[in-house]
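As numbered in mature numbering (1 follows the signal peptide of the UniProt record, and there is no 0), residues -18 to -1, 1 to 200 make up the sequence shown, in order. Glycine included, each C-beta is placed from N, C-alpha and C at the ideal position. The structure displayed is predicted, hence computed values, not measured ones. Worksheet for the structure shown next.
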Amino acid sequence: MRTKICLTAALGTAALLAGCGSDSGDSSTPSTPNTQSSSPSAGPSSQGGPVQPGALATPGTKLKFGQKVTIPIEDDEQVGVVSLSVNSIEKGTDADMATVRAGMPAADASELDGRTLYFVKKTITNESGTEVARALSGMDIYSAAYTADDKSSDPVIRFDAQEFARCKANEPKSFKDKGKTIEHCAIVSAPVSTPLIVAKYTDEPYGSRDGQAITWAP
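Written as structure tokens, this is what we have:
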């Protein structure tokens, strides 16, 4: 699963894996989420009709961790609507780092020297009652770090979290029942001096222009 979640940090990081593109949206203190919008295209409801545009998040919505928004998702075969909440960005321990490094080739593990792990935890719920497992897997759920003023961004190192006990991806083979919920987690890393503090969702129709990303902060 690759829902695009970006992480705002105190400093930029060096790129290793392709993450999400640069966005220069405002990362100021979050406000109450606004879900009234006519911009995002509405996906189907469980009865086959369109989800009303007013139910979808407005580009530029700012939230606190744990608050959710409803967003459209689609690929070339599936169209649907899900709700998404970024619940927390948790800093990993030295023991977590040792576990991750132990499962990597030595050459890759060396890329983690001087870095800290973070666990980005999210809740995703099917709101349309349509099969969206493929669409979810096609969304870019990678993470990136930004400078404090959002002037530039670079991808942070990201890992397959499926087998890591503290942070599992929980990618379903089928995700079609309305109201079904999964807890998703992505592992990322950043330099020790770069605390990751804010998450952003930047898939279309969010994040394509300045200030359009959906943002979560403490």
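With contacts defined as CB atoms closer than 8 Å, V64 and T107 qualify as a contacting pair.
One alpha carbon belongs to C149, the other to D78, and they sit about 10 Å apart.
Its Cα nearest to that of V174, the residue T75 stands out among D58, T75 and V82. Taking C-beta atoms as the reference points, L66 and R83 fail to come closer than 8 Å.
Secondary structure at L38: coil, using DSSP grouped into helix, strand and coil. Only residues of its own chain outside the window of five on either side were considered, and among them N108, G111, T112, E113, V114 and A115 have a CB closer than 8 Å to the CB of K158, listed in chain order. The C-alpha of G62 lies about 12 Å from the C-alpha of L38. CA-CA distance, E56 to A168, rounds to 21 Å. Nearest C-alpha to G85 among F146, P177 and G189: F146. In this model, T43 and A199 are separated by some 11 Å (Cα to Cα). No residue range can be given for A151, since it is assigned to no beta strand (DSSP E) and is classified by DSSP as neither H nor E.
Taking all protein chains in view, the Cβ of R191 is surrounded by fewer than 16 other Cβ atoms within 10 Å, so the residue is classified as exposed. With respect to A172, T98 sits close: the two C-beta atoms are nearer than 8 Å. In the DSSP assignment, R83 falls outside any beta strand (DSSP E) and lies within the alpha helix (DSSP H) extending over D76 to A84.
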